[in-house]
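Peer 1:
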Amino acid sequence: MRYIEPHGHMVSRTTDDYQAMALAGCKAICEPAFWAGFDRKSADGFHDYFCQLTQHEPRRALKYGLPHFAWLCINPKESEDMGLAKEVMALIPEFLKAPNVLGIGEIGLNKNTRNELKIFEAHVDLAVQHNQMILVHTPHLEDKRKGTRLIIDALKAHGKVQPGRVIIDHVEEHTMAEALDQGYWAGITLYPESKASPQRAVDMIETISAQRVWLNSACDWGHSDPLSVPKAAIEMRRRGHSSAAIDRLVYGNPLEFLSQSPKFILPEA
Amino acid sequence: MSKPPSSSNTPSRSRDEVTDAHFMETRAKLLDLAAFLDRLERAVGADDHRVRGLRAALPILLEKDPARVAKILNLWSDPTTAPIEKSDTKAASGVWPKIK
Ligand SMILES: [Zn+2]
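Chains as they are written, first to last, in my numbering: chain A, 1095 to 1363; chain B, 438 to 537.
Written out as structure tokens, the structure reads:
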């Protein structure tokens, strides 16, 4: 089996996880910028984080033969302080030149506040100005449906966003079709509790769509499983899906989306 | 017997096959749910919005509609549409706090 982990927060994971992912058939890892579990107090903290994502983490991944790519932004949980958010966003254009940066993400909403939405819109504009792809984080749990709709409205309202270059991540049964119907890609996140299980993810693939969809583990410092994508592949196999269908979903689909960035080049492709 | 929903992505399989694959894990989850409700009964105080949401979702399990998961997620979702001014928490709780 081969697969791509299109959304993993590897700065929070151990080298054992890199090894396990490589052993399971992982061929590349993409790491969006996110919340560290606490609020950073200054733009300098984000500068160091962006250095970690563009310099240190790719070297760590390479020890396991894994190409490492990154997405940059200030995440919605830290966007309430708009002064800080604008300072951090001013750092991003320089880092977009790094060879492993694929786009702007994971931007989006958390509690669906006005300030979060303003900073989301500013990121979308930054992405369009720099011709970058966009990775969207949709809110958690009871805030997801409302947040997904606000996000899709804002993307449409911008007027210059190409939906095929945007992935709406963390979709669930009540938001997936909405994202796909508007031409966006959809990401299903496999979490032990708060998002989808491998079983539910495969149900969504079977009943909603297997096109323009990727699976990811979003493994981070919380309760998460860096091997959940290959576990979903096993779930597909035991339900009788063909090897070709599995390969298309866990390798071909992320490859197709991510290859829209000229920087996403895999050694064996 | 009702016909399965048509989807080109679903390999054909019998109900027995699905049951063989997923019954035991589902049985265990149902017992965990029952045990959680029992544990609540032994504790003092009233149900908060999360437990009210959980109880409100139970009848959906018995409906014939195959979109049970989406229905439950929608039931627990914030139904409002405008962004809020400010949030007093960063975290979501799992059920919209103002659920009836
Ligand atoms: Zn993430």
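Here a beta-carbon is modelled for each residue, glycine too, at the ideal position from N, C-alpha and C.
Quantities reported herein were computed from a predicted structural model and do not represent experimental measurements.
Please determine whether the Cβ atom of I1111 (chain A) lies at a distance below 7 angstroms from any heavy atom of ligand 1.
Peer 2: As a working note, residue 1111 (chain A) is residue 17 in the first sequence. The residue asked about is misnamed: residue 1111 (chain A) is Asp in this sequence, not Ile. Flag unset: Cβ of D1111 (chain A) not near ligand 1.
Peer 1: How should S1173 (chain A) be labelled, buried or exposed, when 16 other C-beta atoms within 10 angstroms of its C-beta is the threshold for buried?
Peer 2: For this step, residue 1173 (chain A) is matched to residue 79 along the first sequence. So S1173 (chain A) ends up on the buried side.
Peer 1: Kindly indicate if chain B contains any beta-carbon less than 8 angstroms away from that of D1175 (chain A).
Peer 2: Here residue 1175 (chain A) refers to the residue found at position 81 of the first sequence. It does not: the Cβ of D1175 (chain A) has no partner Cβ on chain B nearer than 8 angstroms.
Peer 1: Pull up the distance between the alpha-carbon of D485 (chain B) and that of A504 (chain B), whole angstroms please.
Peer 2: Walking along the second sequence from the start, residue 485 (chain B) turns up at place 48. Walking along the second sequence from the start, residue 504 (chain B) turns up at place 67. If I take the Cα positions, the gap works out to 26 angstroms.
Peer 1: DSSP three-state label for D453 (chain B), please.
Peer 2: Within the second sequence, residue 453 (chain B) is the residue found at index 16, counting from 1. Reduced to three states, the DSSP call for D453 (chain B) is helix.
Peer 1: Please report whether the beta-carbon of P496 (chain B) lies at a distance below 8 angstroms from any beta-carbon of chain E.
Peer 2: This model lacks chain E altogether; the protein chains it does include are A and B.
Peer 1: For a test of your reading of the model: does the CB of P1320 (chain A) fall under 7 angstroms from any non-hydrogen atom of ligand 1? Yes or no.
Peer 2: One-based indexing of the first sequence puts residue 1320 (chain A) at position 226. The answer is no for P1320 (chain A).
Peer 1: Given A1280 (chain A), which residues of its chain have a CB within under 6 angstroms of its CB, disregarding the five upstream and five downstream residues?
Peer 2: Taking the first residue of the first sequence as 1, we reach residue 1280 (chain A) at position 186. For A1280 (chain A), where only same-chain residues beyond five positions count, the Cβ hits under 6 angstroms are I1262, V1265, M1270, A1273, L1274 and V1307.
Peer 1: Rounded to whole angstroms, what is the Cα-Cα separation between Y1285 (chain A) and A1304 (chain A)?
Peer 2: On the first sequence, position 191 is the one that residue 1285 (chain A) refers to. On the first sequence, position 210 is the one that residue 1304 (chain A) refers to. Cα to Cα, the separation comes out at about 19 angstroms.
Peer 1: Which value, in whole angstroms, describes the spacing of the CA atoms of I536 (chain B) and K501 (chain B)?
Peer 2: As a working note, residue 536 (chain B) is residue 99 in the second sequence. As a working note, residue 501 (chain B) is residue 64 in the second sequence. Each residue's Cα considered, the two are about 24 angstroms apart.
Peer 1: DSSP on K1135 (chain A), reduced to helix/strand/coil?
Peer 2: Position 41 of the first sequence, counted from the first residue, corresponds to residue 1135 (chain A). Here K1135 (chain A) sits in coil by DSSP.
Peer 1: Any heavy atom of ligand 1 closer than 7 angstroms to the CB of H1234 (chain A)?
Peer 2: To locate residue 1234 (chain A), count along the first sequence from 1; it is residue 140. No.
Peer 1: With H, G and I counted as helix, E and B as strand and the rest as coil, what does DSSP make of L534 (chain B)?
Peer 2: Translated into the one-based positions of the second sequence, residue 534 (chain B) becomes position 97. First, the amino acid is wrong: residue 534 (chain B) is Pro here, not Leu. In the structure shown, P534 (chain B) sits in coil (DSSP, three-state: anything other than H, G, I, E or B).
Peer 1: Between N1169 (chain A) and H1231 (chain A), which are expected to be in contact by the criterion C-beta below 8 angstroms, what is the C-beta distance as a whole number of angstroms?
Peer 2: Here residue 1169 (chain A) refers to the residue found at position 75 of the first sequence. Here residue 1231 (chain A) refers to the residue found at position 137 of the first sequence. Confirmed, about 7 angstroms.
Peer 1: Please confirm whether any heavy atom of ligand 1 lies closer than 7 angstroms to the CB of H1162 (chain A).
Peer 2: Working through the first sequence from its first residue, we reach residue 1162 (chain A) at position 68. No, ligand 1 has no heavy atom inside 7 angstroms of this Cβ.
Peer 1: Going by the C-beta, is F1128 (chain A) closer than 7 angstroms to any heavy atom of ligand 1?
Peer 2: By one-based count along the first sequence, residue 1128 (chain A) stands at place 34. Under cutoff, so the answer is yes.
Peer 1: How would you call F473 (chain B), buried or exposed, if buried means at least 16 neighbouring beta carbons within 10 angstroms?
Peer 2: For the purposes of this step, residue 473 (chain B) is taken as residue 36 along the second sequence, with counting starting at 1. Burial is judged here by how many other beta carbons sit within 10 angstroms of a residue's own beta carbon; F473 (chain B) has fewer than 16 and is exposed.
Peer 1: How about T456 (chain B): is its C-beta nearer than 8 angstroms to some C-beta of chain A?
Peer 2: Looking up residue 456 (chain B) in the second sequence gives position 19. No, its Cβ sits nowhere closer than 8 angstroms to a Cβ of chain A.
Peer 1: Would A1304 (chain A) count as contacting chain B if we go by Cβ distances under 8 angstroms?
Peer 2: Position 210 of the first sequence holds residue 1304 (chain A). For A1304 (chain A), the answer is yes, since a Cβ of chain B falls inside 8 angstroms of its Cβ.
Peer 1: Residues in the same chain with beta-carbon distance under 8 angstroms from H1141 (chain A), minus the five sequence neighbours each way, listed in chain order, please.
Peer 2: Sequence index remark: in the first sequence, residue 1141 (chain A) carries index 47 (1-based). The beta carbon of H1141 (chain A) lies closer than 8 angstroms to those of L1185 in the same chain, with the five residues before and after it left out.
Peer 1: May I ask you to list the residues that DSSP assigns as paired with V1195 (chain A)?
Peer 2: Translated into positions along the first sequence, residue 1195 (chain A) becomes position 101. DSSP links V1195 (chain A) through a beta bridge to A:A1164.
Peer 1: First and last residue of the beta strand (DSSP E) that includes I521 (chain B)?
Peer 2: As a first step, residue 521 (chain B) is located in the second sequence; it is residue number 84 there, counting from the start. First-last for I521 (chain B): undefined, no H or E at that position.
Peer 1: What does the Cβ neighbour count give for T518 (chain B), buried or exposed, with the cut at 16 atoms within 10 Å?
Peer 2: By one-based count along the second sequence, residue 518 (chain B) stands at place 81. By the 10 Å Cβ count, T518 (chain B) comes out exposed.
Peer 1: Answer yes or no: does any C-beta atom of chain B fall closer than 8 angstroms to that of I1299 (chain A)?
Peer 2: Here residue 1299 (chain A) corresponds to residue number 205 of the first sequence, with the count starting at 1. Yes, contact with chain B.
Peer 1: Determine the chain A residues that contact A507 (chain B) at a beta-carbon separation under 7 angstroms, and present them in chain order.
Peer 2: Taking the first residue of the second sequence as 1, we reach residue 507 (chain B) at position 70. Those are E1267 and H1268, listed as they occur along chain A.
Peer 1: Please confirm whether L468 (chain B) has its beta-carbon closer than 8 angstroms to some beta-carbon of chain A.
Peer 2: As a first step, residue 468 (chain B) is located in the second sequence; it is residue number 31 there, counting from the start. Cβ-Cβ to chain A under 8 angstroms: no for L468 (chain B).
Peer 1: Kindly list, in the order they appear in chain A, the residues whose Cβ is closer than 9 angstroms to that of A465 (chain B).
Peer 2: Along the second sequence, read from residue 1 onward, the residue named residue 465 (chain B) stands at position 28. Chain A residues near A465 (chain B): none, gap ~13 angstroms exceeds 9 angstroms.
Peer 1: Is it the case that the Cβ atoms of N511 (chain B) and I1299 (chain A) are separated by a distance below 8 angstroms?
Peer 2: Within the second sequence, residue 511 (chain B) is the residue found at index 74, counting from 1. Within the first sequence, residue 1299 (chain A) is the residue found at index 205, counting from 1. Contact flag unset, no.
Peer 1: Starting from V488 (chain B), find everything on chain A with Cβ-Cβ shorter than 9 angstroms and list it in chain order.
Peer 2: Locating residue 488 (chain B) in the second sequence gives position 51, where the first residue counts as 1. Within chain A, no residue has its beta carbon less than 9 angstroms from that of V488 (chain B); the closest one is some 14 angstroms off.
Peer 1: Only counting runs of 3 or more residues, tell me where the beta strand (DSSP E) segments fall wholly within the region 1216-1282 of chain A, in order along the chain.
Peer 2: 1227-1231 and 1260-1263
Peer 1: Do you know how far the Cα of A493 (chain B) is from the Cα of D453 (chain B)?
Peer 2: Position 16 of the second sequence, counted from the first residue, corresponds to residue 453 (chain B). Position 56 of the second sequence, counted from the first residue, corresponds to residue 493 (chain B). Looking at the two C-alpha atoms, the distance is approximately 30 angstroms.
Peer 1: Report yes or no: is there a C-beta of chain A within less than 8 angstroms of the C-beta of A472 (chain B)?
Peer 2: Here residue 472 (chain B) refers to the residue found at position 35 of the second sequence. Output row for A472 (chain B): interface = no.
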